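In order, the protein sequences belong to chains A and B. So that you can map any letter, position 56 of the first sequence is 55 in numbering that gives the first Met the number 0, and since no number is skipped, the others follow by simple counting. So that you can map any letter, position 315 of the second sequence is 314 in numbering that gives the first Met the number 0, and since no number is skipped, the others follow by simple counting. Data first, discussion second: the structure below is written as structure tokens.
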Amino acid sequence: MRVIYAGLLTACLAQPALAAEIWVSNEKDDTLSVIDIDTLEVIRTLKTGERPRGITFNADFTRLYICASDSDAVQVMDPETGEILFDLPSGEDPEQFVLHPDDRHLWIANEDDAVTTVVDVDSRTVVAQINVGIEPEGMAVSPDGKTVITTSETTNMAHWIDTESHEIYANTLVDSRPRHAEFVKDGTELWVSSEIGGTISVFDTGNQNEIGKIHFEIKGVHPDLIQPVGFELTPDQKTAFVALGPSNHVAVVNTETLEVEGYILTGRRVWHMAFSPDHRLLFTTNGVSGDVTVIDVAKREAIKSIKVGRFPWGAAMRP
Amino acid sequence: MTHMRRTFRVAAAGLLCALCVQTGGQAADLDLTIGYLRLEEPAHPVLSGLDPVPARRGIEGAELGVKDNQTTGGFLGHSYALDVVSLAPEALAADVAAAARDMLAKTRVVVLDMSSEAALAVADLAEAKGAILINAASGDAALRGASCRTNLLHTALEDSMAADALMQVLLSKRWTKLAMIVGPTAEDKARAQSYRQAAQKFGLKIVSETTWTFDSDLRRAASREVPLLTQGFKSHDVVLIADAHDDFARYIEHNTWEPRPVAGAGGLTAVAWAPVIEQWGAAQLQSRFTDMTGRAMTPRDYAAWAAVRALGEAVTRTGTAEAGALHDYLLSDGFELAGFQGRPLSFRNWNGQMRQPVPVVNAHAQVAAAPLEGFEHPRNPLDTLGTDQPESECHAFGE
């Protein structure tokens, strides 16, 4: 295997412009699929630990961090060679994480343990563990690095954690089964999606008050099946794309009015997503159908579906 | 309108919470003790000892629910406790009533793990007026029908919900000709009746029926007896077994005259919960339960867990532990519980039954989750399972 990668690597290096890639974690295959953004094809499949879910690159894209949930480890991969360099201590069952803007601290949701673990990736040590609600999953960090959010699926809360003191300074209730959180609009708002509640709650980060809620409605689909999970905003922060799980659609949301402007059909149980570097394409992971839908952002339509591994979950872009 | 109400509540709870963090989270603003009253089932003799009934079945489901509630409550200044009383099977009706009175003097929310008759007697106690009782054990249709009580909700599946789920799956596979074997007990006969009704509801046909009468040791004789028993069936797609005690069904599969799948009991079954359920985060609930108890979670444990979690969710969202307010909220459109089944769980406001998907499973995997795609209902596809409002004989809840 390694010989093949080495060969590939040389071939890549021989070319002047390296195409950007979308990396996808395949939860039930213990692999990553690497999609070339120019050809829209899978060009590499890489082995990981057990049940890879959250994935994220470091600031200069020289390392990929992988939540290998069932291996109870965060793995660190060299994205050039596909080699696992080492495991970080992560606490049990890491599901999702966020890398602090300092590029040094990973904040990890430990789903089975009801804790958030902070790991220093340089010293490879656990800096802190914070008790949170049951089944923590969604992780977000404010642009100024001062607040980290953990959402807990069964406790139905967003926990606001001070990154200096590692203490929770607020807890806000959201609808049932929160899955994903993001700071948006320069960190002035926090958005939290609730899978079973079928909503996204919008909070003012200044006072942690809820200031709005996004609702979804698709003709011919029962509301119970419209389950928002992952979401991404365009760089101008004016438009959000929201994955709606088993309704097999992505919603396009106006972030000012919080109204839905349209729905895009995707593969089955659409989960997380990542933009191409130029933000012209959006790639969604579709857990049940085992593929990735490519969306033309300007046209707001699906243009291609790419077969990946079993139960694709996380997505990350590498320029 | 519902949205506005909920938004307000969420904001209020947020405020409460910020407050509790400031005070160090010490003060418990709300306390809810949940009662768990069990009348143990008399052991029914079965042919095989392979699947013993866990001694603390149900109770441990409630215990996990309380743990889950406590974690959430810890951030809000709410605390929860469980008060368990378990009576031996030979307890008299008067003993159950006395235990229930004691418990209702201490708490107004009680999970009932007992027969349908016993649950009804508790609901009719003067002391139970205005309380919330949640039936986590009986599937009896009458409890949700003519004998329904407003103070009695149900997280246990109504028998017809399971029967409907099974028929939806069989119909979706076009396995529509059924040959049924009915056990000898009253419970077996009731189960058979629920299959007949569900088959009629979804247009399947029971082409043959026979009664289980053998008293030989089937562990030795199944390969000889079962082919003979099933040889006389008219042409059929599936052998359906009405065996409420999981007694003889396990010996039917792979012993039938024709090579046919077995359903009902043994083979393909519709249950509220099973160890093979892993989707929608269920694996997490399973592992939390198994870590705590060292065993697999049964349907009774799930019903008890759901009852306790429903109460916890109502306290979290309303910010009160007062039974009347919780009762109103549980039956309102605003209530929904994430139950690891891919759809929100809620209560039918006309008879107090919890709406829930019904997994249809075999020993090794989940085969389907009812309601299946294509089974529609004007209110909620979950209402294609069980007695629907127009057919319901329950009128106590009012319109």
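Idealized CB from N, CA, C, for every residue including glycine. This structure is a prediction, so every number in the text was calculated from the model and none was measured.
Candidates the options, of which the one nearest residue i by Cα
{"i": "B:H235", "options": "B:G280, B:A305, B:Q196 and B:W174", "result": "B:W174"}
{"i": "A:S32", "options": "A:F182, A:V183 and A:T284", "result": "A:T284"}
{"i": "B:L156", "options": "B:D112, B:A178 and B:F74", "result": "B:D112"}
{"i": "B:T319", "options": "B:H43, B:S286 and B:S78", "result": "B:S78"}
{"i": "B:E208", "options": "B:E224, B:Q196, B:T229 and B:F201", "result": "B:T229"}
{"i": "A:S288", "options": "A:G186, A:L280, A:D35 and A:V269", "result": "A:V269"}
{"i": "A:V220", "options": "B:P44, B:E375 and B:S47", "result": "B:E375"}
{"i": "B:G60", "options": "B:A306, B:R378, B:R347 and B:Q355", "result": "B:A306"}
{"i": "B:E40", "options": "B:S193, B:P88 and B:L142", "result": "B:P88"}
{"i": "A:T162", "options": "A:L98, A:P227 and A:S304", "result": "A:L98"}
{"i": "B:P389", "options": "B:K172, B:L151 and B:N350", "result": "B:N350"}
{"i": "B:A271", "options": "B:H153, B:D82 and B:L103", "result": "B:H153"}
{"i": "B:V357", "options": "B:I133, B:L124 and B:A302", "result": "B:A302"}
{"i": "B:D300", "options": "B:V314, B:S171, B:N134 and B:T268", "result": "B:N134"}
{"i": "A:D119", "options": "A:I167, A:G197 and A:N57", "result": "A:N57"}
{"i": "A:I83", "options": "A:S89, A:G90 and A:I65", "result": "A:I65"}
{"i": "B:D28", "options": "B:N68, B:I58, B:G73 and B:L49", "result": "B:G73"}
{"i": "B:G64", "options": "B:D332, B:L371, B:A80 and B:A97", "result": "B:A80"}
{"i": "B:A189", "options": "B:A140, B:L330, B:Q355 and B:L151", "result": "B:A140"}
{"i": "B:K66", "options": "B:M166, B:D290 and B:A122", "result": "B:D290"}
Environment of residue i [buried if 16+ CB atoms lie within 10 Å]
{"i": "A:I42", "result": "exposed"}
{"i": "B:I251", "result": "buried"}
{"i": "A:M395", "result": "This structure cannot settle anything about residue 395 of chain A, because the visible part of chain A is limited to 0 through 318."}
{"i": "A:Q95", "result": "buried"}
{"i": "B:E312", "result": "buried"}
{"i": "B:A26", "result": "Note that B:A26 scores 42 on pLDDT, short of 50, meaning its location in the model is unreliable; the coordinates nonetheless yield the value given after this. Per the 10 Å Cβ criterion, exposed."}
{"i": "B:T212", "result": "exposed"}
{"i": "B:R223", "result": "exposed"}
{"i": "A:H104", "result": "buried"}
{"i": "B:V52", "result": "exposed"}
{"i": "A:D235", "result": "exposed"}
{"i": "B:H43", "result": "exposed"}
{"i": "A:N109", "result": "buried"}
{"i": "A:S246", "result": "buried"}
{"i": "A:F282", "result": "buried"}
{"i": "A:I34", "result": "buried"}
{"i": "A:I302", "result": "exposed"}
{"i": "B:R37", "result": "buried"}
{"i": "A:T55", "result": "buried"}
{"i": "B:H394", "result": "exposed"}
{"i": "A:T171", "result": "buried"}
{"i": "B:R148", "result": "buried"}
{"i": "B:P226", "result": "exposed"}
Residues that DSSP places opposite residue i in a beta bridge
{"i": "A:W106", "result": "A:V97 and A:V117"}
{"i": "B:T32", "result": "B:A80"}
{"i": "B:C393", "result": "For B:C393, which the question treats as bridged, DSSP gives no partner whatsoever."}
{"i": "A:L87", "result": "A:V73"}
{"i": "A:A250", "result": "A:V241 and A:Y262"}
{"i": "A:F274", "result": "A:L281"}
{"i": "A:E166", "result": "A:D161"}
{"i": "A:M138", "result": "A:T149"}
{"i": "B:Q352", "result": "B:H153"}
{"i": "A:C66", "result": "A:V73"}
{"i": "A:D35", "result": "A:E20 and A:E40"}
{"i": "A:M156", "result": "A:S151 and A:L172"}
Whole-angstrom C-beta distance between residue j and residue i, which should lie under 8 Å
{"i": "A:T238", "j": "A:V249", "result": "Their Cβ separation, rounded to whole angstroms, is 11 Å, which puts A:T238 and A:V249 out of contact at 8 Å."}
{"i": "A:I133", "j": "B:T70", "result": "5 Å"}
{"i": "A:I225", "j": "A:G205", "result": "Between A:G205 and A:I225 the Cβ distance is about 30 Å, and since that is not below 8 Å, they are no contact."}
{"i": "B:K204", "j": "B:L177", "result": "7 Å"}
Residue i beta carbon near the ligand SAH (any heavy atom closer than 6 Å)
{"i": "B:R287", "result": "As for the ligand SAH, it is missing from this structure, which has no ligand bound."}
(message) Assess contact between the stretch 323-331 of chain B and the stretch 173-186 of chain A, defined as three or more Cβ pairs (one per stretch) separated by less than 8 Å. Is contact present?
(response) no
(message) Assess contact between the stretch 278-296 of chain B and the stretch 330-339 of chain B, defined as three or more Cβ pairs (one per stretch) separated by less than 8 Å. Is contact present?
(response) yes
(request) Say whether the stretch 117-124 of chain B touches the stretch 356-365 of chain B, bearing in mind that this needs 3 or more beta-carbon pairs closer than 8 Å, one atom from each stretch. (result) no
(message) Assess contact between the stretch 162-177 of chain B and the stretch 191-206 of chain B, defined as three or more Cβ pairs (one per stretch) separated by less than 8 Å. Is contact present?
(response) yes
(request) State whether the stretch 189-204 of chain A contacts the stretch 135-149 of chain A, with contact taken as three or more CB pairs (one from each stretch) at a distance under 8 Å. (result) yes
(message) Does the contact criterion of 3 or more C-beta pairs under 8 Å hold for the stretch 244-264 of chain A versus the stretch 198-214 of chain A?
(response) yes
(message) Contact between the stretch 301-313 of chain A and the stretch 67-75 of chain A is defined here as three or more beta-carbon pairs at a separation below 8 Å; is this criterion met?
(response) no
(request) Give a yes or no on contact between the stretch 158-173 of chain A and the stretch 143-150 of chain A, applying the rule of three or more CB pairs nearer than 8 Å. (result) yes
(message) Below 8 Å, how does it come out for the stretch 240-254 of chain B and the stretch 168-187 of chain B: are there three or more Cβ pairs, yes or no?
(response) yes
(request) Check whether the stretch 284-291 of chain B touches the stretch 253-268 of chain B, counting contact only when three or more Cβ pairs, one atom from each stretch, lie closer than 8 Å. (result) no
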